[in-house]
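Trainee: So that we are looking at the same thing, I have put the structure below in structure tokens.
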């Protein structure tokens, strides 16, 4: 299968044989580490030195370093190179959105770009509040009327001014967060949630559910090393990127 090598080669000059080897690696990314540099060489009727020269030419220290760096760029479901925004270099969008439906992303971005002028409320507790504060600042930065709420009083007394409620809960079961989701649903308000990827009460009630992979699903205190919140924030950045793409599209259509 012919693949786009430009994002890997990056204007470096490679020979036809090196291009063949690189295509082989991409098309067999799930197995090349198992067969090693000698196996790749044998499959392409060349020498290991050819492959080592290719890795050096591409800026890697060797065969293993080359595979580790190429693997995140390759979507193994269709053996194509993953599209990346220049603003999100190094981010594996396929992994971040693995448990998220594209129509949920599209709907959320459209809501941001075509808002009613009412406020977006953001609510989170514990460690999740850090992500809530971050997303609130990102939304304010692009001109979206957003409020990070702390008390139940400020929430219930301003429901009429709320366009949507965004909640963040790693477990998806945090009682204070779930209570606000239930109140918002009773008032026919749109609910957007960020939770771990397994089914949970908050995501089930949400109109838009963003599920992020959680390495330690039983660690509700967030005591163990975990990429959950880091990946969530990167996914939030991806949503902002999609917002900019949507607004640019709208500007071109005017």
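Residue numbers (UniProt numbering): 1 to 254. Note that CB positions come from ideal geometry on N, CA and C, so glycine has one too.
If you drop the 5 nearest sequence neighbours on each side, which residues of the same chain put their C-beta closer than 7 Å to that of residue 200?
Mentor: 171, 172 and 173
Trainee: Within the same chain, show all residues whose beta-carbon is closer than 7 Å to that of residue 240, passing over the 5 residues directly before and after it, in chain order.
Mentor: Cβ within range, chain order: 138 and 142.
Trainee: Distance, Cα to Cα, residue 230 vs residue 45?
Mentor: 43 Å
Trainee: Within 10 angstroms of the Cβ of residue 22, are there 16 or more other Cβ atoms? Answer buried if so, exposed if not.
Mentor: buried
Trainee: Considering residue 183, what are the terminal residues of the alpha helix (DSSP H) in which it resides?
Mentor: 175-186
Trainee: Just to confirm my understanding: we take residue 64, look at its own chain, exclude 5 residues before and 5 after, and list those with CB closer than 8 Å. What are they?
Mentor: 33
Trainee: Indicate whether the contact test is met: 3 or more Cβ pairs, each with one atom in the region 51-66 and one in the region 5-24, closer than 8 Å.
Mentor: yes
Trainee: Rounded to a whole number of angstroms, what is the C-alpha to C-alpha distance between residue 94 and residue 128?
Mentor: 23 Å
Trainee: Inspect the beta-carbon positions of residue 5 and residue 26 and report whether they are closer than 9 Å.
Mentor: Closer than 9 Å, so yes.
Trainee: Based on Cα-Cα distance, which residue from 136, 144, 225 and 66 lies nearest to residue 124?
Mentor: 136
Trainee: Quick one, are the C-beta atoms of residue 163 and residue 132 less than 9 Å apart?
Mentor: no
Trainee: Please classify residue 232: is it buried, with 16 or more other beta-carbons within 10 angstroms of its beta-carbon, or exposed?
Mentor: buried
Trainee: Using CA atoms only, rank isn't needed, just tell me which of 92, 119 and 90 is closest to residue 191.
Mentor: 119
Trainee: Between residue 99 and residue 197, how many whole angstroms is the CB-CB distance? I'm expecting something under 8 Å.
Mentor: With a Cβ gap of about 4 Å, residue 99 and residue 197 count as contacting.
Trainee: What are the boundary residues of the alpha helix (DSSP H) that includes residue 24?
Mentor: 16-27
Trainee: With 16 other CB atoms within 10 Å as the buried threshold, where does residue 15 fall?
Mentor: exposed
Trainee: What does DSSP give as the partner residues of residue 119 in its beta bridges?
Mentor: Residue 119 has 162 as its beta-bridge partners, per DSSP.
Trainee: Determine the extent of the alpha helix (DSSP H) in which residue 198 is found, giving its start and end residues.
Mentor: Element bounds for residue 198: n/a, residue is neither H nor E.
Trainee: If you run the structure through DSSP and keep just helix, strand and coil, what is residue 84?
Mentor: Annotation note: pLDDT 48 at residue 84 (below 50); position unreliable, coordinate value reported separately. Of the three classes helix, strand and coil, the one that applies to residue 84 here is coil, per DSSP.
Trainee: Roughly how many angstroms separate the alpha carbons of residue 38 and residue 20, rounded to a whole number?
Mentor: 15 Å
Trainee: Return the chain-ordered list of same chain residues with a C-beta closer than 8 Å to the C-beta of residue 134, the five sequence neighbours on each side being excluded.
Mentor: Apart from the 5 residues on each side of it in sequence, residue 134 sits with its Cβ closer than 8 Å to the Cβ of 233 and 236 in its chain, given in chain order.
Trainee: Thinking C-alpha only, which one of 146, 219 and 202 is nearest residue 211?
Mentor: With distances taken between CA atoms, residue 211 lies nearest to 202 out of 146, 219 and 202.
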